[in-house]
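Residue numbers (full-length UniProt numbering): 1 to 129.
Idealized CB from N, CA, C, for every residue including glycine.
In this text, all values refer to a predicted model and were calculated from it rather than measured experimentally.
The structure under discussion appears below in the form of structure tokens.
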């Protein structure tokens, strides 16, 4: 099943269950890297199911995969560069709210990143306070 099909299925029922988390994990990590399209997929799903009774493993997967996308890339390993920061800020602020998954992501990124632009630091401070 493609990510597009999986996204449609999840959005249609409005919740991410444990089986869907396992299926998403299998598709995302099959090549060992999370690319931008996969990261966008995760944010699209998260925005669609924010506030729903999702499986607890959804937040774990969301945080792990987006953190991997940002910090395990060849261009800026361990750090968040300007392009990544702009993308992350747009994705987090795009729906006008900071949900539990996004707050957990921001805490993880803040803890693990060796460096990041001031614009992202400012967002992390605002969102995590």
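Enclosing alpha helix (DSSP H) for residue i [first to last residue]
i           : result
residue 115 : First-last for residue 115: undefined, no H or E at that position.
residue 4   : 3-13
residue 72  : Counting along the chain, residue 72 falls outside any alpha helix (DSSP H), and DSSP gives it neither H nor E.
residue 21  : 18-28
residue 31  : Segment: none, residue 31 is in no alpha helix (DSSP H) and carries neither H nor E.
residue 85  : 82-93
Minimum C-alpha distance to residue i - residue among the options
i           : options            : result
residue 33  : 74, 92, 102 and 19 : 74
residue 37  : 69, 80, 109 and 93 : 69
residue 42  : 31, 21 and 53      : 21
residue 61  : 101, 15 and 118    : 101
residue 111 : 78, 84 and 126     : 78
Proximity below 7 Å, CB of residue i to CB of residue j
i          : j          : result
residue 59 : residue 18 : no
residue 63 : residue 5  : no
residue 7  : residue 44 : yes
residue 54 : residue 16 : yes
residue 82 : residue 50 : no
Beta-carbon separation (whole angstroms), residue i vs residue j, contact threshold 8 Å
i           : j          : result
residue 95  : residue 47 : 5 Å
residue 39  : residue 66 : 6 Å
residue 113 : residue 89 : Not a contact, Cβ separation roughly 14 Å.
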